[in-house]
Structures are given as structure tokens and as C-alpha cells.
Amino acid sequence: MACAAVWLPGLRRGCVGALRAPAAASRVAASASRHLARTSMMKSRRKTDHLERTASVIRREVVSAARVCGVARESPTVRSLRLQVADQDFSFKAGQWVDFFVPGVSVVGGFSICSSPRLLEQERMIELAVKYTNHPPALWIHNEPADASRNLVLIAGGVGINPLLSILRHTADLHRAGEGCGYEMGTVKLFYSAKTTSELLFKKNILDLVNEFPGKIACRLHVTKQTTQVSAELQPYVTEGRITEEEIRAHSSHETLFYICGPPPMTEFFSKQLESSHVPREHICFEKWW
1 MACAAVWLPG LRRGCVGALR APAAASRVAA SASRHLARTS MMKSRRKTDH LERTASVIRR
61 EVVSAARVCG VARESPTVRS LRLQVADQDF SFKAGQWVDF FVPGVSVVGG FSICSSPRLL
121 EQERMIELAV KYTNHPPALW IHNEPADASR NLVLIAGGVG INPLLSILRH TADLHRAGEG
181 CGYEMGTVKL FYSAKTTSEL LFKKNILDLV NEFPGKIACR LHVTKQTTQV SAELQPYVTE
241 GRITEEEIRA HSSHETLFYI CGPPPMTEFF SKQLESSHVP REHICFEKWW
């Protein structure tokens with residue numbers, strides 16, 4: 001396989017650093033490939049460094065800003081690392097491996113890229129999957145904090161349920177995948193308001209998910225102008241009146257992310273109320289289509 005080079009200063013999630021890009025069309029001569037194979041099998045008194053073993057491989061160097069934006073557990077011994085690359089000149093070909101440099105770590109790692117070049121083209125991301133060993137660069141990756149379990153509170157009004165239903169369904173899919181999804185799942189609570197129960201969109205789909213994942217997915221359906229009796233199957237979940245600040249505040253914590261989508265006054269009200277309740281701004285997400 002051809003090689004590439006990545007220079008990653010010791011980043012923690014959200015921090016910005018630099019990458020050294022792989023050669024866009026790096027070619028390894030047959031003799032170099034045989035040299036690498038022989039080197040990997042040779043026994044010596046001193047274990048050779050990754051850069052020493054691959055010294056004959058051609059590299060093109062491009063330094064780019066980069067950000068660690070995700071770490072997940074793929075198996076009990078393998079972690080994946082997701083890196084966002086800013087420099088448009090950073091590129092690689094499928095099957096390449098990377099040189100992995102970490103500040104404060106004298107040993108350089110060599111890891112295969114497991115993502116497609118298309119992910120880099122579309123999202124400026126690359127992904128590595130690294131098995132646990134005592135090799136210092138691998139240890140650094142396994143000491144990166146994995147994505148923490150997050151609780152979600154979804155606040156929807158009217159047709160604002162659409163993007164939040166997507167999040168709810170995705171959460172259900174991750175629960176069905178279990179540990180294989182690589183994430184530790186938190187809880188989801190949906191607060192959904194409409195004028196009447198007939199205007200509560202996808203209510204059967206929502207309640208099916210609530211019943212499928214009790215204790216993991218919950219909902220409270222609000223109606224503001226209901227004039228008829230609420231049907232029996234909706235009775236445990238329907239509350240008359242608007243969603244209140246108090247019931248939302250009761251579900252806030254440092255591990256909770258809030259997603260809001262609804263009419264402009266509703267979105268503005270809850271986003272401001274959450275900020276005044278000292279919810280970090282980065283934990284409040286909302287969609288505005290006006």
C-alpha cells in the first residue's frame with residue numbers, strides 16, 4: 001500500500017492543530033515494497049522506528065489545521081479517531097496509511113486510513129481505527145476521551161417536529177444496534193406542542209418508539225386548543241396547555257443537549273430561557289427557517 005503523512009499536534013476534542021497531508025499520488029516502487037515487507041519481519045536488538053522502516057517511501061508534505069471531532073469505541077481493543085482537515089491540498093488515495101505525529105511523543109505512528117477519500121472531499125474528514133498496544137501513538141489515541149453519553153431534550157412545535165423526528169428515529173436505530181454502534185446512548189425526551197391532537201404529526205410513530213424503548217425514549221404531547229376529548233391511547237401522554245419553562249428546566253444538566261424547532265416565538269423563547277438557566281450555548285441547537 002502507498003503511504004501518506006499526518007502530523008497531529010496533541011489535540012483534544014474541539015482544539016485546532018495541524019496535519020501534514022499525504023502525497024496525492026504517492027507511488028511505492030516494488031523494491032521499496034519488498035524492503036518494507038522484509039523490514040517488518042526482521043528481528044533486531046533494537047526495534048526500528050516507523051519512519052526508519054518507511055524511509056524509502058516518497059512523501060509530499062502539506063501542513064494543515066486539523067481538529068479532533070470524534071473518538072468512538074469500535075471494539076474492546078480498537079478505537080476510531082475522526083479528524084477534520086482544513087487545508088484543501090490535503091488528500092489521499094484509498095488504501096494509504098499515514099505517519100502520525102504527536103507532540104511530546106518521540107515515536108511516530110503508522111496507521112491506515114479507514115475512511116473513503118470521498119469523506120475528505122465532502123466533509124474534510126479522515127478516520128483512523130487503531131488497536132490498543134503499548135506503542136506511544138496508539139496509547140495517545142486510546143487515552144483520548146471517548147464521546148460521552150448525552151441526554152437529549154427535543155422541543156417541537158407544529159411542523160417543527162420534522163428534523164426532531166429524524167433525531168428521534170436515529171436514536172432508536174442506535175439503541176437497536178446496541179454496543180455495535182460505538183456510542184454509549186443517553187436518554188431522549190420529546191416535548192411536542194400543536195393546537196389539537198389531530199395536528200400532532202407522526203404521533204403513532206413517536207409512541208411506538210416510546211413503547212419500544214421505555215426508560216430510554218419518552219415524550220410529552222401538548223395541545224393548546226383542544227375542544228374534544230383526547231382519545232384513550234393518547235391519554236397518558238397528552239397535556240393541555242403550552243410547554244412550560246419549568247418542565248424543560250427540570251430536564252437540564254451538564255450532560256443534556258437541547259434541540260428546538262418550531263414557530264419563531266417558541267424557538268426564541270426557549271433558546272433564551274435555556275441560556276438564562278446557564279445551559280452552555282453550545283448545548284442549545286435550533287433551526288430557523290424564517
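With UniProt numbering, you'll find the sequence shown wraps up at 290, consecutive numbering, no jumps. From the three backbone atoms N, C-alpha and C, an ideal C-beta is built for every residue, glycine too.
Cys-261 places its beta carbon less than 7 Å from that of Gly-160. By DSSP's assignment, Glu-127 forms a beta bridge with Arg-82. Looking from the CA of Thr-196, the closest CA among Val-230, Glu-255, Ile-206 and Asn-211 belongs to Val-230. Straight through space, the alpha carbons of Trp-97 and Ser-56 are spaced by roughly 15 Å.
Taking one beta carbon from each stretch, the segment 165-176 and the segment 201-209 have 3 or more pairs nearer than 8 Å; the two touch. Pairing Val-85 with Arg-124, the inter-Cα distance amounts to about 5 Å. Secondary structure at Thr-239: strand, using DSSP grouped into helix, strand and coil. Just measuring C-alpha positions, the residue of Ser-75, Pro-263 and Arg-118 sitting nearest Ile-126 is Arg-118.
Burial state of Gly-215 is exposed, judged by a 10 Å Cβ sphere holding fewer than 16 other Cβ atoms. In this structure the segment 218-228 does not lie against the segment 254-270, because fewer than three pairs of beta carbons, one per stretch, are closer than 8 Å.
When secondary structure is reduced to three states using DSSP, Asn-151 falls in the strand class. Put simply, the backbone Cα of Arg-176 is about 13 Å away from that of Gly-186. Between Tyr-192 and Leu-165, the gap from beta carbon to beta carbon reaches 7 Å or more. With respect to the C-alpha of Ala-194, the residue from Thr-133, Ile-243, Gly-109 and Ser-80 having the closest C-alpha is Ile-243. As computed with DSSP, Cys-261 is found in a beta bridge with Ala-156. Remark: C-beta atoms of Val-105 and Pro-136 approach each other more closely than 7 Å. Listed in chain order, the non-local C-beta contacts of Ile-155 below 6 Å within the same chain comprise Phe-191, Ile-260 and Phe-270, local neighbours out to five positions each way being set aside. One alpha carbon belongs to Cys-69, the other to Leu-209, and they sit about 29 Å apart.
In this structure Thr-54 is buried. Its beta-carbon is surrounded by 16 or more other beta-carbon atoms within 10 angstroms. In this structure, Asp-99 lies away from Val-107, with their beta-carbon atoms at least 7 Å apart.
Taking the Cα positions, Thr-239 is about 6 Å away from Val-223. Within the same chain, and ignoring the five residues on either side of Ser-116 in sequence, the residues whose Cβ sits closer than 7 Å to its Cβ are Ala-94. Unbroken beta strand (DSSP E) runs of no fewer than 3 residues, entirely contained in the segment 192-232, are found at 217-223, following chain order. For Glu-74, the closest alpha carbon among the candidates Ile-141, Glu-121 and His-50 is that of Ile-141.
In the structure shown, Arg-59 falls within a coil segment according to DSSP collapsed to helix, strand and coil.
Assigned with DSSP and collapsed to three states, Phe-90 falls in coil, not helix or strand.
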